[in-house]
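Data block below; observations after.
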Amino acid sequence: MEAAAAPAAPVANQGESHGTAAKTARCGNSDESAADYISRVPDAVLCIIISLLPTKDGGRTQVFSRRWRPLWSAAPLNLEVRVPHPGRGVPIRTSSVFPDAASEVISKHPGPARRFCFHGLCPGDLQDQAESWFRSRALAKLQELDVGYTSCDERNPGRNPLPPSALRSAPTLLAAKISSCVLPREMVPSMGFDLLQRLSLISVYISADVFRGLLPACHALESLHMSNVLGTRCLHVRSPTLRSICFRDTSGKVELVIEDAPRLVRILMPFGIRENCGTIRVICAPKLEILGPLLPVISKLRVSQGVSSADLANSMHTVKILALRCCGYELDGVLSILRRFPCLEKLYIIFHKHYETDAKIEPQYDRLYPVECLQAHLKIMVFETFVGHDKQLDFAKFFVLNAKVLKYMEFEGIYGARDSVSLAYQHTLLRVENRASRDAQFEFRSRYRNTAIHLRRHSHDLSMADPFEQL
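Shown next, in the form of structure tokens:
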């Protein structure tokens with residue numbers, strides 16, 4: 013069996029060498045020396061450790077000693093399947109197994125399964141083989157599912173249906189990621205995700221009525237990640253448990269409507285530099301505090317939090333953290349957006365290269381009306397990819413001179429701005445001696461980070477108070 017082909021080192025303290033760890037594992041229960049920590053670990057804990065290891069490494073633990081041989085079968089199965097792509101050779105990730113070995117593992121493991129990952133689906137025999145896996149005893153009580161086709165054919169999405177039994181473990185699933193396939197209409201009435209907390213839909217073809225029936229079936233859902241969802245122009249969200257939404261639509265044609273989400277705290281939009289963005293309409297999200305990154309296009313953001321006055325219909329008083337994407341030419345557009353967030357405390361400006369399409373950004377700011385957050389609430393600003401050209405300097409200088417309660421302003425991407433001469437020069441350009449807030453501190457950091465990638469990788473991490481902050 014491929015999963016148990018060769019020995020591998022067991023889990024050990026960071027200070028232990030590879031040889032010491034292997035020797036400790038071979039000792040089993042025969043030697044209760046002070047250095048033999050693994051022999052003292054209960055079997056139940058070892059099973060948890062094995063279930064967290066990659067597929068091959070988990071199987072190889074059987075060769076350590078007699079004590080370890082039955083542990084793999086007793087541990088919840090962690091199975092990742094890989095498929096060679098024609099013309100591209102074998103994938104780099106060698107911790108997973110090929111389909112034939114996966115069938116052998118599934119036939120021998122009694123279950124339950126902690127995680128099953130398979131992104132090699134394609135119409136034909138392999139799809140039938142995957143269907144048999146989902147019907148097996150080993151995957152009967154699956155906790156984490158990550159399944160999808162190699163790619164999604166948008167012209168003929170019906171070619172990539174999700175295997176009928178893929179969601180057989182819906183009642184026990186804690187996390188599910190479905191990608192590049194069709195979610196069939198007939199699946200929805202039978203679905204009941206009692207424990208599901210994290211759901212990702214990536215390039216999934218799903219009709220509006222199927223999506224409308226999906227969320228009510230998720231009784232414990234806290235985090236929803238949707239990227240390039242096909243089949244509908246409007247995604248209506250109603251969920252009493254949802255706390256986080258990560259939404260990406262590169263076509264710019266899909267509208268996200270938050271109809272009723274009483275616990276929703278954040279809406280993340282990890283777009284690339286040249287990507288458009290769909291429209292966000294917030295009807296009821298009374299606890300929404302984190303939003304972005306947005307383009308400064310007012311028509312793409314619609315808010316009606318139960319406010320009847322026409323002048324305040326697009327104001328969102330609950331948002332404390334906001335991220336915007338711009339090139340430095342859209343100050344009026346940014347200020348118009350900021351008027352919609354009067355209680356904003358932290359603002360990220362993610363600069364990108366100027367393109368002609370940026371001229372379409374709507375400069376609607378009326379300077380007769382002050383921006384409330386600049387007067388009383390905005391305390392922290394972070395400029396990402398700041399290179400210091402004239403437009404970026406003018407952009408940043410406006411906030412230096414007008415943010416009256418600012419405490420901290422950070423500039424990221426000024427390479428070489430470390431010595432005292434360079435820092436003094438930057439302070440002069442920004443006119444910090446005339447800053448509106450005498451308490452404001454300024455920091456220049458020579459680093460680059462990609463917020464879009466960071467958000468996609470950590471979209472389900474609800475432990476981060478500020479998802480845009482990267483230490």
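Going by my numbering, the sequence shown opens with residue 13, and the numbers climb by one from there.
Just so you know, even glycine gets a beta-carbon here, dropped at the ideal spot from N, CA and C.
None of the values given here were measured: they were computed from a predicted structure.
As the crow flies, the alpha-carbon of LEU280 is around 28 angstroms from that of PRO173. With fewer than 16 neighbouring CB atoms inside 10 Å of its own CB, VAL53 falls in the exposed class. Ranked by how close their Cα comes to the Cα of GLU422, the residues HIS439, HIS329, GLU455 have GLU455 in first place. With distances taken between CA atoms, ARG180 lies nearest to PHE128 out of LEU227, PHE128, GLY132, ALA113.
By the neighbour-count criterion, in which 16 or more other beta carbons inside 10 Å mark a residue as buried, GLN453 falls on the exposed side. The continuous beta strand (DSSP E) containing GLU271 extends over residues 267–272. Taking the Cα positions, PRO308 is about 5 angstroms away from VAL346. Non-local beta-carbon contacts of ARG245 in its own chain, meaning distances under 7 angstroms to residues more than five positions away in sequence, involve LYS265, VAL266, GLU267 in chain order. Looking at the DSSP output, CYS59 sits in no beta bridge, so it has no partner there. For PHE363, the uninterrupted beta strand (DSSP E) run begins and ends at 358–363, by DSSP.
Annotation for ILE465: the continuous alpha helix (DSSP H) segment containing it runs 463–469.
In terms of Cα proximity to ARG260, the closest of GLU271, ARG278, LEU247, ASN240 is ASN240.
Under the DSSP assignment, SER348 falls in the alpha helix (DSSP H) whose first and last residues are 343–350. With at least 16 other beta carbons inside 10 angstroms of its own, THR73 counts as buried. By the criterion of at least three beta-carbon pairs nearer than 8 angstroms, the stretch 442–452 is not in contact with the stretch 287–301. VAL216 and CYS193 have their C-alpha atoms spaced approximately 5 angstroms apart.
Cβ-Cβ distances below 7 angstroms link PRO479 to ARG278, LEU280, ILE302, LEU467, HIS470 in the same chain, with the five nearest sequence neighbours on each side left out; the list follows chain order. Secondary structure at ASP112: helix, using DSSP grouped into helix, strand and coil. Relative to VAL417, the option among ALA436, ALA142, CYS355 whose CA is nearest is CYS355. Between LEU390 and GLU357 a beta carbon distance of about 6 angstroms is seen, short of the 8 angstroms cut, so the two are scored as contacting. Judged by DSSP in its simplified three-state form, HIS439 adopts helix. Boundaries of the alpha helix (DSSP H) harbouring CYS385: 384–388, taken from the DSSP string. Here DSSP, grouped into helix, strand and coil, assigns THR397 to coil.
Annotation for GLN453: the continuous beta strand (DSSP E) segment containing it runs 453–457. With contacts defined as CB atoms closer than 9 angstroms, ARG147 and LEU89 fail to qualify as a contacting pair.
Separation of CYS385 and LEU138 (C-alpha to C-alpha, rounded to the nearest whole angstrom) is 56 angstroms. DSSP places ASP473 in no beta strand (DSSP E); its state is neither H nor E. Annotated three-state conformation of LYS189 is strand, per DSSP. Taking the Cβ atoms as the reference, VAL222 lies roughly 12 angstroms from HIS248, outside the contact range of under 8 angstroms. Cβ-Cβ distances below 6 angstroms link ILE257 to LEU236, ILE279 in the same chain, with the five nearest sequence neighbours on each side left out; the list follows chain order. For THR184 and LEU151, the gap between their C-alpha atoms comes out near 11 angstroms. In this structure, the beta-carbon distance from GLU424 to ARG459 falls below 9 angstroms.
Secondary structure note for ALA86: its alpha helix (DSSP H) is the uninterrupted segment 83–86. Counting along the chain, the unbroken beta strand (DSSP E) around VAL159 starts and ends at 156–161. Here GLY290 has PHE259, ASP261, SER263, GLY264, LYS265, VAL266, GLU267, LEU268, LYS312 as same chain residues with Cβ atoms under 8 angstroms from its own Cβ, once five neighbours each way along the sequence are excluded. Exposure of ASP473 is indicated by the presence of fewer than 16 other C-beta atoms within 10 angstroms of its C-beta.
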